[in-house]
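S.K.:
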Amino acid sequence: MKVGVIGTGDVGKTLAGGFLKHGHEVMIGTRTPAGLAEWTAQNRPGRVGTVSEAAKFADLVVLAVKGTVALEALQAAGAANLADKPVIDATNPIADAPPVNGVLRYFTTLDDSLMERLQREFARARFVKAFNSVGNACMVNPQFKSGRPTMFICGNDDAAKKIVTGVLEQFGWETADMGKAEAARAIEPLCMLWCIPGFVRNDWRHAFKLLT
Ligand SMILES: NC(=O)c1ccc[n+]([C@@H]2O[C@H](COP(=O)([O-])OP(=O)(O)OC[C@H]3O[C@@H](n4cnc5c(N)ncnc54)[C@H](OP(=O)(O)O)[C@@H]3O)[C@@H](O)[C@H]2O)c1
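Read in this note's numbering, the sequence shown has 1204 at position 199, and its numbers run on one by one without any break.
Right, dumping it as structure tokens:
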């Protein structure tokens, strides 16, 4: 697939590297392409472009920017460049406020998630929440003593979720599909839970597993 990654932080770079490792074509989109020279040199044949160039290039878009600027980044990508495409939404609605006893604060409510807001604004994009509930160091083919971890996903479009399930399989995850976009109200806060051992005990190496 042609994958356009929006965001050049730890998540954008890690997922871009994962897609390259698994043989996909990757363009990473940034507001400052000149600043990514080192990444390009170390990640051939990965390419760098503007945010809109990466979205236009993509069959599959990955959104990996700070939650507070997610809408702004998608506006820069351009609605036409996102239309009908699956968009992996790895963002979390973390507020610009410090955690309380290791518990992050969100700017959303339990009745309205960030992904639903993005889906409302960009109605033709096919958002799938994924990769938001684990740290970037464990995103690509992580090894855990307890076996394959579970990635909780959701989204309104079944075909888009099938594509993302295939990506998760390649990246060493089993997938638990929690249904439509509203399920992001439950999946986004998993990041709060995942981060608590990190903030409280500096333990960042874990992932969720759904037992049945
Ligand atoms: N860090 C983790 O381990 C982790 C794990 C799971 C989920 N997440 C979520 O994933 C998202 C990304 O996290 P992160 O830690 O990788 O990075 P981040 O520091 O939140 O930001 C990533 C990138 O966003 C881009 N950006 C900022 N404002 C933008 C705008 N207005 N338009 C377009 N791009 C913009 C910047 O790239 P340029 O300056 O190059 O444009 C920046 O490098 C967050 O929502 C986070 O909550 C993070």
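Glycine included, C-beta positions come from ideal geometry on N, C-alpha and C.
The structure displayed is predicted, hence computed values, not measured ones.
(1) Classify Val1172 as helix, strand or coil using the three-state DSSP reduction.
(2) Determine the burial state of Ser1151: buried for a count of at least 16 other Cβ atoms within 10 Å of its Cβ, exposed for fewer.
(3) Shortest alpha-carbon distance to Val1066 belongs to which of Pro1103, Lys1026, Lys1166?
(4) Check whether the Cβ of Val1145 lies closer than 7 Å to any heavy atom of ligand 1, and answer yes or no.
(5) For Met1120, which of helix, strand or coil comes out of DSSP?
(6) Contact between the segment 1167 to 1184 and the segment 1078 to 1085: three or more CB pairs below 8 Å?
(7) Taking the beta strand (DSSP E) that Glu1179 belongs to, which residues open and close that run?
(8) At a cut-off of 7 Å, would you count Thr1055 as near ligand 1, judging by its Cβ distance to the nearest heavy atom?
(9) Would you say the beta carbon of Cys1196 is closer than 7 Å to some non-hydrogen atom of ligand 1?
(10) Under 8 Å between the Cβ atoms of Ala953 and Leu1087?
(11) With 16 other CB atoms within 10 Å as the buried threshold, where does Thr1096 fall?
(12) Applying the criterion that 16 or more other CB atoms from any shown protein chain within 10 Å of the CB defines a buried residue, is Asp1146 buried or exposed?
(13) Could you please give the first and the last residue of the uninterrupted alpha helix (DSSP H) stretch that includes Gly1023?
(14) Sort out for me which residues DSSP pairs Val1008 with in a bridge.
(15) When the distance is taken between beta carbons, is Thr1180 closer than 8 Å to Ile1201?
M.R.: Per the coordinate set shown:
(1) One-based indexing of the sequence shown puts residue 1172 at position 167. Helix at Val1172.
(2) Taking the sequence shown and counting its residues from 1, one reaches residue 1151 at position 146. Burial call: exposed.
(3) In the sequence shown, counting from the first residue as 1, residue 1066 sits at position 61. Answer by Cα proximity: Lys1166.
(4) Your numbering for residue 1145 matches position 140 in the sequence shown. No - ligand 1 has no heavy atom lying nearer than 7 Å to the Cβ of Val1145.
(5) Mapped onto the sequence shown, residue 1120 falls at position 115. If DSSP states are grouped into helix, strand and coil, Met1120 belongs with the helices.
(6) The segment 1167 to 1184 and the segment 1078 to 1085 do not touch, with fewer than 3 CB-CB distances between them shorter than 8 Å.
(7) On the sequence shown, residue 1179 is found 174 positions in, with the first residue counted as 1. According to the DSSP assignment, Glu1179 belongs to the beta strand (DSSP E) that extends over 1179 to 1182.
(8) Taking the sequence shown and counting its residues from 1, one reaches residue 1055 at position 50. Every heavy atom of ligand 1 is 7 Å or more from the Cβ of Thr1055, so no.
(9) The residue labelled residue 1196 in the question sits at position 191 within the sequence shown. Yes, ligand 1 has a heavy atom inside 7 Å of this Cβ.
(10) In this structure the chain extends from 1006 to 1217, so residue 953 is not present and cannot be described.
(11) Counted from its first residue, the sequence shown places residue 1096 at position 91. Thr1096 is buried by the Cβ-count criterion.
(12) Stepping through the sequence shown from its first residue, residue 1146 is reached at position 141. Before going on, a small fix: residue 1146 reads as Asn here, not Asp. Classification for Asn1146: exposed.
(13) Working through the sequence shown from its first residue, we reach residue 1023 at position 18. Looking at the DSSP string, the run of the alpha helix (DSSP H) that includes Gly1023 is 1015 to 1026.
(14) In the sequence shown, the residue the question calls residue 1008 occupies position 3. Residue pairing by DSSP places Val1008 opposite Val1031, Leu1065 in a beta bridge.
(15) Taking the first residue of the sequence shown as position 1, residue 1201 is located at position 196. Taking the first residue of the sequence shown as position 1, residue 1180 is located at position 175. Contact: no.
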